[in-house]
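Contents: one structure, followed by commentary.
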Amino acid sequence: MTPVADSAVRELVERVCSGDVRALARAISLVENDAPEAAEVLSGCFPHTGDALRIGVTGSPGAGKSTLVDKLARGYRAAATKVGIVAVDPSSPFTGGAILGDRIRMQERIGDDGLYVRSMATRGSLGGLARATADVTQVIEASGKDVVLIETVGVGQDEIDIVRLVDVTVVVLMPGMGDDVQSIKAGIMEIADIFVINKSDREGADRVEKEVLAMQSLAGKHDSRVTPIVRTIATTGEGIEDLRSAVEQMKAWLAEEGRLETRRKAYWRERIEEMVRQALLREAGAHGLSAEDLSEHAERIADGQEDPYRLVPRLVAQVFRHEAGAARGTKP
Ligand SMILES: Nc1nc2c(ncn2[C@@H]2O[C@H](COP(=O)(O)OP(=O)(O)O)[C@@H](O)[C@H]2O)c(=O)[nH]1
Ligand SMILES: [Mg+2]
5 MTPVADSAVR ELVERVCSGD VRALARAISL VENDAPEAAE VLSGCFPHTG DALRIGVTGS
65 PGAGKSTLVD KLARGYRAAA TKVGIVAVDP SSPFTGGAIL GDRIRMQERI GDDGLYVRSM
125 ATRGSLGGLA RATADVTQVI EASGKDVVLI ETVGVGQDEI DIVRLVDVTV VVLMPGMGDD
185 VQSIKAGIME IADIFVINKS DREGADRVEK EVLAMQSLAG KHDSRVTPIV RTIATTGEGI
245 EDLRSAVEQM KAWLAEEGRL ETRRKAYWRE RIEEMVRQAL LREAGAHGLS AEDLSEHAER
305 IADGQEDPYR LVPRLVAQVF RHEAGAARGT KP
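With this note's numbering, you'll find the sequence shown wraps up at 336, consecutive numbering, no jumps.
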């Protein structure tokens with residue numbers, strides 16, 4: 005990057021950190037699209053992160069996550085807590101109802117600079133949705149938010165990866181899910197810090213609670229803490245304050261015995277590994293290993309014409325040879 009661009013990025017980051025909403029939107033776009041300036045933006049934001057509480061809100065489509073997040077945000081705003089919202093919903097790209105709903109809600113909020121809402125463009129996020137969400141969250145945090153709420157549908161590996169980047173995971177269930185409680189058990193249920201039974205105005209809330217309790221007793225206690233179950237009616241706001249206090253209790257629990265540090269260390273351990281992988285692939289791409297090359301190799305390997313166990317060490321050596329050459333100022 006040229007020095008001019010560098011100083012422009014620095015200025016952009018300064019504006020983000022001072023709470024400039026337009027600068028924030030611009031910085032997020034650069035990061036989301038993995039633009040050449042992205043690393044500089046993220047690096048500039050990094051010193052201004054780490055203090056916000058990241059809350060993941062996950063659960064099946066229609067469980068009431070968006071409504072709940074909206075009410076939670078209002079609760080936090082009433083308490084003068086600055087809130088960021090990241091809405092991730094891969095099931096409805098571009099025209100999906102959820103994203104549209106989030107945008108409408110965002111429109112309503114214009115004028116409150118203590119709240120920022122962003123829907124993730126879910127298709128074409130380079131390096132994956134989890135990467136993009138993690139980076140966007142960093143930028144929003146740097147803009148001075150105390151709490152970042154991340155809404156995501158609790159299905160698929162991408163979503164589980166997204167949930168891994170939060171401090172507190174709220175799993176939203178609802179009556180009438182029946183076997184659904186069982187079906188999402190495998191992935192998301194284990195990482196729940198708080199269960200919410202939303203739509204408690206409907207019949208069957210007791211049954212869902214019983215199922216969750218049964219599951220918990222089956223799983224056994226593996227923590228010094230029982231996962232609380234909070235009943236809510238997101239549409240009316242009933243139970244939202246109970247949910248906020250459950251989050252506060254979780255926060256206090258995390259503060260004990262360095263639990264938050266442990267979680268965040270595990271988080272960064274995973275992210276670094278992924279970042280190194282991405283960087284190496286990008287480096288390889290710059291030195292003659294394009295996506296097409298990869299496909300050609302794959303084809304030959306599938307055909308039995310090429311040996312992957314010899315290919316990969318050769319490719320890795322190629323990248324490092326180039327790096328070493330660049331460091332010496334020579335071409336390999
Ligand atoms: N009866 C009832 N409906 C609710 C409640 N919470 C949300 N809804 C409705 O359920 C639908 C889906 O809500 P939404 O927040 O978009 O769910 P999401 O897909 O999980 O984000 C909407 O029509 C909401 O108005 C609730 O507590 N009770
Ligand atoms: Mg939603």
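Think of the CB as a built atom: it goes at the ideal place given N, C-alpha and C, for glycine as much as any other residue.
Checklist entry - For the alpha helix (DSSP H) that L34 lies in, which residues bound it at each end? => result As a working note, residue 34 is residue 30 in the sequence shown. Taken as a continuous stretch (DSSP letters only), the alpha helix (DSSP H) holding L34 covers 25-36.
Next on the checklist: Does the distance between the C-beta of N202 and the nearest non-hydrogen atom of ligand 1 fall short of 6 Å?
Outcome noted: One-based indexing of the sequence shown puts residue 202 at position 198. Yes; taking the cut-off as 6 Å, the Cβ of N202 has a heavy atom of ligand 1 nearer than that.
Item to check | Proximity below 7 Å, CB of E207 to CB of I233 | outcome: By 1-based counting over the sequence shown, the position of residue 207 is 203. By 1-based counting over the sequence shown, the position of residue 233 is 229. Not in contact: E207 and I233 (Cβ atoms no closer than 7 Å).
Checklist entry - For the beta strand (DSSP E) that S123 lies in, which residues bound it at each end? => result Here residue 123 refers to the residue found at position 119 when the sequence shown is read from its first residue. That run of the beta strand (DSSP E) goes 119-123.
Checklist entry - With 16 other CB atoms within 10 Å as the buried threshold, where does D74 fall? => result Along the sequence shown, read from residue 1 onward, the residue named residue 74 stands at position 70. When all chains shown are included, D74 counts as buried.
Checklist entry - Relative to the C-alpha of G118, which residue among R135, T239, G148, A56 is closest? => result Within the sequence shown, the letter at position 114 stands for residue 118. Nearest of R135, T239, G148, A56 to G118, Cα basis: G148.
Checklist entry - Beta carbon of T156, beta carbon of V251: below 7 Å? => result Working through the sequence shown from its first residue, we reach residue 156 at position 152. Working through the sequence shown from its first residue, we reach residue 251 at position 247. Going by C-beta atoms, T156 is not nearer than 7 Å to V251.
Checklist entry - Do K69 and ligand 2 come close, with the Cβ less than 6 Å from some heavy atom? => result The count along the sequence shown starts at 1 and reaches residue 69 at position 65. Because some heavy atom of ligand 2 lies under 6 Å away, the Cβ of K69 counts as near it: yes.
Checklist entry - With C-beta atoms as the reference, is V143 less than 7 Å away from V61? => result Residue 143 sits at position 139 when you count from the first residue of the sequence shown. Residue 61 sits at position 57 when you count from the first residue of the sequence shown. For V143 and V61, no; Cβs fall outside 7 Å.
Checklist entry - Taking the alpha-carbon positions, what's the E345 to V172 distance? => result With the chain represented from 5 up to 336, any question about residue 345 goes unanswered, as that position is not in the structure.
Item to check | As assigned by DSSP and simplified to three states, the class of E303 | outcome: Here residue 303 refers to the residue found at position 299 of the sequence shown. When secondary structure is reduced to three states using DSSP, E303 falls in the helix class.
Checklist entry - Taking one C-beta from the region 13-32 and one from the region 42-52 each time, how about it: are there three or more such pairs within less than 8 Å? => result yes
Checklist entry - DSSP state of E155, grouped into three classes? => result For the purposes of this step, residue 155 is identified with residue 151 of the sequence shown, where counting begins at 1. DSSP places E155 in strand when its eight states are reduced to three.
Checklist entry - Terminal residues of the continuous alpha helix (DSSP H) containing R273? => result On the sequence shown, residue 273 is found 269 positions in, with the first residue counted as 1. Per DSSP, R273 belongs to the alpha helix (DSSP H) from 263-290.
Item to check | Residue from H291, D116, T239, V200 whose Cα sits closest to the Cα of R248 | outcome: Within the sequence shown, the letter at position 244 stands for residue 248. Ranking the options by Cα distance to R248, first place goes to V200.
Checklist entry - First and last residue of the alpha helix (DSSP H) that includes I144? => result The count along the sequence shown starts at 1 and reaches residue 144 at position 140. Note, I144: alpha helix (DSSP H), 133-146.
Checklist entry - Can you list, in chain order, the stretches of the beta strand (DSSP E) that have 3 or more residues and sit fully within the region 31-90? => result Correct list: 57-63.
Checklist entry - Would you call the CB atoms of K69 and V176 closer than 7 Å? => result Working through the sequence shown from its first residue, we reach residue 69 at position 65. Working through the sequence shown from its first residue, we reach residue 176 at position 172. A contact, by the Cβ cut-off of 7 Å.
Checklist entry - If we ignore side chains and look at the alpha-carbon of each, how far apart do A56 and L293 end up? => result As a first step, residue 56 must be located in the sequence shown, where it is residue number 52. As a first step, residue 293 must be located in the sequence shown, where it is residue number 289. Between A56 and L293, the C-alpha separation is close to 39 Å.
Next on the checklist: I'd like the list of long-range same chain contacts for E310, defined as Cβ closer than 8 Å, with 5 residues on each side in sequence excluded.
Outcome noted: Position 306 of the sequence shown, counted from the start, is the residue given in the question as residue 310. Once the five neighbours on either side are set aside, the close Cβ partners of E310 are H301, R304.
Item to check | Rounded C-alpha distance that separates I154 from M279 | outcome: Reading the sequence shown from its first residue, position 150 is the one you call residue 154. Reading the sequence shown from its first residue, position 275 is the one you call residue 279. I154 and M279: Cα-Cα distance of roughly 21 Å.
Checklist entry - Nearest to G63 by alpha carbon, out of S123, I198, D38, R281? => result Within the sequence shown, residue 63 is the residue found at index 59, counting from 1. When only C-alpha atoms are compared, the closest one is I198.
Item to check | Inter-residue spacing [alpha-carbon to alpha-carbon] between V25 and A306 | outcome: On the sequence shown, position 21 is the one that residue 25 refers to. On the sequence shown, position 302 is the one that residue 306 refers to. C-alpha separation (whole angstroms): 50 Å.
Next on the checklist: Can you check whether the C-beta of G132 is within less than 7 Å of a C-beta belonging to chain D?
Outcome noted: The question asks about chain D, but that chain is absent: this structure has only one protein chain.
Item to check | Limits of the beta strand (DSSP E) - the one that I198 falls within | outcome: Position 194 of the sequence shown, counted from the start, is the residue given in the question as residue 198. Where I198 is concerned, the enclosing beta strand (DSSP E) stretches over 198-201.
Item to check | Per-residue burial, Y120 [other beta carbons within 10 Å of its own, 16 or more giving buried] | outcome: What you label residue 120 is simply residue 116 of the sequence shown in a count that begins at 1. Buried, since its Cβ has 16 or more Cβ neighbours within 10 Å.
Checklist entry - Between T137 and L319, what straight-line distance do the alpha-carbon atoms span, to the nearest angstrom? => result Reading the sequence shown from its first residue, position 133 is the one you call residue 137. Reading the sequence shown from its first residue, position 315 is the one you call residue 319. Cα-Cα distance, rounded: 30 Å.
Item to check | Beta-bridge pairing of I233 - partner residues as DSSP gives them | outcome: As a first step, residue 233 must be located in the sequence shown, where it is residue number 229. Note: I233 sits in a beta bridge opposite F199.
Item to check | alpha helix (DSSP H) segment containing V251, residue limits | outcome: On the sequence shown, residue 251 is found 247 positions in, with the first residue counted as 1. That run of the alpha helix (DSSP H) goes 244-259.
Checklist entry - What residues are listed by DSSP as bridge partners for V174? => result To locate residue 174, count along the sequence shown from 1; it is residue 170. In the DSSP assignment, V174 forms a beta bridge with V61, I198.
Checklist entry - So T239 and T71 are in contact, right, with Cβ under 8 Å, and what is the actual spacing, rounded? => result Residue 239 sits at position 235 when you count from the first residue of the sequence shown. Residue 71 sits at position 67 when you count from the first residue of the sequence shown. That belief holds up - the Cβ atoms of T239 and T71 are roughly 6 Å apart, short of 8 Å.
Checklist entry - When burial is assigned at 16 or more other CB atoms within 10 Å of the CB, is I166 buried or exposed? => result Position 162 of the sequence shown, counted from the start, is the residue given in the question as residue 166. Classification of I166: buried, given that the 10 Å Cβ count is 16 or more.
Checklist entry - Quick one: is S204 buried, meaning 16 or more other Cβ sit within 10 Å of its Cβ, or exposed? => result Here residue 204 corresponds to residue number 200 of the sequence shown, with the count starting at 1. That one is buried.
Checklist entry - With T231 and A196 assumed to form a contact (beta carbons below 8 Å), what rounded beta-carbon distance in angstroms separates them? => result One-based indexing of the sequence shown puts residue 231 at position 227. One-based indexing of the sequence shown puts residue 196 at position 192. Their Cβ separation, rounded to whole angstroms, is 6 Å, which keeps T231 and A196 in contact under 8 Å.
Next on the checklist: Taking the beta carbon of E327 as the centre, do at least 16 other beta carbons fall within 10 Å, making it buried, or is it exposed?
Outcome noted: Residue mapping note: residue 327 aligns to position 323 of the sequence shown, counting from 1. The residue in question, E327, is exposed, as its Cβ has fewer than 16 Cβ neighbours within 10 Å.
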